[in-house]
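Everything below concerns the one structure shown next.
Protein chains: 2
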Amino acid sequence: MKVLIVEDDQFHATYLHDALAEALPEVTEILHAADGSEGEAAARLTGIDAIVMDLQMTHRNGIEAARTIWAERPQSRILFWSNYADDAYLRGIAQVVPEDSAYGYVLKTASRARLKLALRAVLLEGQIMVDREIHRLQRRSASPRGRLDESEFDVLVDLALGLQDKLIAERRGMSLRTVQNRLLSLYEKLGVASGTDEALTLNKRVRALNRALVTHTINIETLEAAQRDLDNWLASRN
Amino acid sequence: MKVLIVEDDQFHATYLHDALAEALPEVTEILHAADGSEGEAAARLTGIDAIVMDLQMTHRNGIEAARTIWAERPQSRILFWSNYADDAYLRGIAQVVPEDSAYGYVLKTASRARLKLALRAVLLEGQIMVDREIHRLQRRSASPRGRLDESEFDVLVDLALGLQDKLIAERRGMSLRTVQNRLLSLYEKLGVASGTDEALTLNKRVRALNRALVTHTINIETLEAAQRDLDNWLASRN
DNA sequence: AACCGCGTTGCGGGAACCCGCAAGATCTCT
DNA sequence: AGAGATCTTGCGGGTTCCCGCAACGCGGTT
Chain A
1 MKVLIVEDDQ FHATYLHDAL AEALPEVTEI LHAADGSEGE AAARLTGIDA IVMDLQMTHR
61 NGIEAARTIW AERPQSRILF WSNYADDAYL RGIAQVVPED SAYGYVLKTA SRARLKLALR
121 AVLLEGQIMV DREIHRLQRR SASPRGRLDE SEFDVLVDLA LGLQDKLIAE RRGMSLRTVQ
181 NRLLSLYEKL GVASGTDEAL TLNKRVRALN RALVTHTINI ETLEAAQRDL DNWLASRN
Chain B
1001 MKVLIVEDDQ FHATYLHDAL AEALPEVTEI LHAADGSEGE AAARLTGIDA IVMDLQMTHR
1061 NGIEAARTIW AERPQSRILF WSNYADDAYL RGIAQVVPED SAYGYVLKTA SRARLKLALR
1121 AVLLEGQIMV DREIHRLQRR SASPRGRLDE SEFDVLVDLA LGLQDKLIAE RRGMSLRTVQ
1181 NRLLSLYEKL GVASGTDEAL TLNKRVRALN RALVTHTINI ETLEAAQRDL DNWLASRN
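Protein chains in written order, with the numbering used here: chain A, 1 to 238; chain B, 1001 to 1238.
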């Protein structure tokens, strides 16, 4: 059995290497890649289907790499291994994971024992395994009301890019007023209005972005990736 | 000679421990603390004045810890050791470092040799040493025009919290129009208007925050710290 | 079919924002 | 001290934003 490690931090790569060797004696070969595109190339060339992938990497992040890898070989088993428990990553993974594929999500702060368990469960047994810490996000985000639904999240991303309502409406195929309704519920769910007990009124748009960031609903990588999507969309509409 | 390591990541703490032992044979004792407040307590109790400090930690971050440590013992030598080259950290450090104190800033991605050099230079020789990678930020940020000055940065922080112009004016003791002038130059320096070649107009406020984030001018920890400051200020004006 | 609940859409208005213009205020240099 | 550059401030108006109100569409209930 061969395994590919995609990780750009030297410490973590060697730590992972050691844990992998301990946890899975059936592994005969461990390859390394230092960023997303290198990882894609390595997976393509060697036909590996057991991968441990860091999420935050320069150049090309783990989710984008996973998307192309899964597009080419949907049966690949990928264990994501990340510093942060950001909702944005969960959403990203949920979007790219094919039906019926094995994957996992472990935090770098997890104990070595838990990491080893996840390595066996995902790479060897093909299970799905998500760190409890992360899974808690699914239910209640750090906000009063529940989690954002898909279309709310889309609007949030566009808002975060600085688009104005009219453009969001055009891009997402909604009417202007509907976009504004989404914004209303965003403000509600992100707790933008809640601090209004004081006599301080806020700029809701900016505040929404602020809250989304500190509650880990979106993160800076999300913004960068979304900007690329936006650029493509702008280019493709003459 | 005794040294205190303040670092909450286990890998990095041990790596640092080893590098420290190699670089400075004159060190007789190495203490560890796992977050900012623990670090403050350790520095206070043991009277240590050579410290290696991680910047991003849960609870209390490195800059806040450094502030109280330096307030108590201004001659302390502190080497900051961080994952990111964020301008916000530089500004934070510049604000808390006393006249005439030794400090340094090294990235975690620096080579072991460079780390060891910095350890000797700062902790032993009392020099000031900033990673070239970071220092480049000082001059030109990732924006067309130059770096933000102090008052522009203040306004940016308030904007990022979601305050509206009137409140910013009150808090910073400027007229409303002056705040707006600051915003103008922020938009300019952050490159908000520059993308206007297209027929797409943006929400400048949100876009400014977006740009500030992706150019590492501010980061999420900045936002959290600034929120605490704001809460204090609000509480202290009846 | 009539009814109800819920999401969508248009309209309208008050508030905040963005910013050009011009009058002062302040700083700088000779 | 005087001239010129820069910064600050107020005013005014065009835009965008926020959101209440009400009409409409659509699916499910009785």
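Ideal Cβ placement from N, Cα and C applies to all residues, glycine included.
- S82 (chain A): member of the beta strand (DSSP E) spanning R77 to S82, first to last residue.
- For the set B:V1192, B:G1191, B:R1211 and B:Q1227, the Cα lying nearest the Cα of R207 (chain A) is the one of B:Q1227.
- Below the 7 Å Cβ cutoff, chain B contributes L1213 and V1214 as neighbours of I220 (chain A), in chain order.
- With a contact defined as Cβ atoms closer than 8 Å, G1039 (chain B) and A1065 (chain B) qualify at about 5 Å.
- Secondary structure at D1054 (chain B): strand, using DSSP grouped into helix, strand and coil.
- R207 (chain A) belongs to the set of residues whose beta carbon lies under 9 Å from a beta carbon in chain B.
- Selection A:R171, A:F153 and A:L161 evaluated against Y187 (chain A) yields A:F153 as nearest (Cα-Cα).
- For G162 (chain A), the chain B residues whose Cβ falls inside 7 Å of its Cβ are L1202, N1203, V1206, R1207 and N1210, in order along the chain.
- At a cut-off of 9 Å between C-beta atoms, V192 (chain A) counts as an interface residue with respect to chain B.
- Interface flag for T178 (chain A) against chain B is unset, since no Cβ pair is found closer than 9 Å.
- In the same chain as K1166 (chain B), and ignoring 5 residues on each side of it, the C-beta atoms closer than 7 Å to its own belong to L1176, in chain order.
- Segment contact: the region 12-25 of chain A against the region 63-77 of chain A, fewer than three CB-CB distances shorter than 8 Å; contact not assigned.
- The bridge partners DSSP lists for E29 (chain A) are A:K2.
- The Cβ-Cβ distance between P98 (chain A) and W70 (chain A) falls below 9 Å.
- In the pairwise beta carbon analysis, the region 221-235 of chain A is classified as not touching the region 1170-1184 of chain B: fewer than three pairs are separated by under 8 Å.
- The beta strand (DSSP E) runs of length 3 or more contained entirely in the region 1078-1122 of chain B are, from start to end of the chain, 1103-1107.
- F11 (chain A) reaches chain B at F1011, H1012 and Y1015, counting residues in chain order whose Cβ is nearer than 8 Å.
- With a minimum length of 4 residues, the unbroken runs of alpha helix (DSSP H) contained wholly in the region 126-194 of chain A fall at 132-139, 150-161, 165-172 and 176-190.
- Here D1086 (chain B) is buried: its Cβ has 16 or more other Cβ atoms, across all protein chains shown, within 10 Å.
- Secondary-structure assignment with DSSP links L202 (chain A) through a beta bridge to B:L1163.
- Residues of the same chain with a CB within less than 8 Å of the CB of K1108 (chain B), apart from the 5 flanking positions on each side, are H1012, W1081, S1082 and N1083 in chain order.
- Judged by DSSP secondary structure, L1230 (chain B) falls within the alpha helix (DSSP H) whose first and last residues are I1220 to A1235.
- Nearest C-alpha to D1009 (chain B) among B:T1028, B:L1024, B:V1027 and B:H1032: B:H1032.
- Between V106 (chain A) and A113 (chain A), the alpha-carbon positions lie close to 12 Å from each other.
- What E1170 (chain B) touches in chain A, judged by beta-carbon distance under 7 Å, is nothing: the nearest beta carbon there is about 10 Å away.
- Less than 9 Å divides the Cβ of A1050 (chain B) from the Cβ of R1077 (chain B).
- Around the beta carbon of R1132 (chain B), fewer than 16 other beta carbons sit within 10 angstroms, so the residue counts as exposed.
- Cβ neighbours of V3 (chain A) within its own chain (closer than 8 Å, five residues either side excluded): L20, L24, V27, E29, I30, L31, I48, A50, I51, V52 and L123.
- Of all alpha-carbon atoms in B:G1126, B:L1202, B:T1058 and B:H1135, the one lying nearest the alpha-carbon of A1094 (chain B) is that of B:H1135.
- DSSP, reduced to helix, strand and coil, places L24 (chain A) outside both helices and strands of the structure shown, so it counts as coil.
- For A193 (chain A) against A160 (chain A), the beta-carbon gap comes to about 18 Å, at or over 8 Å, which does not count as contact.
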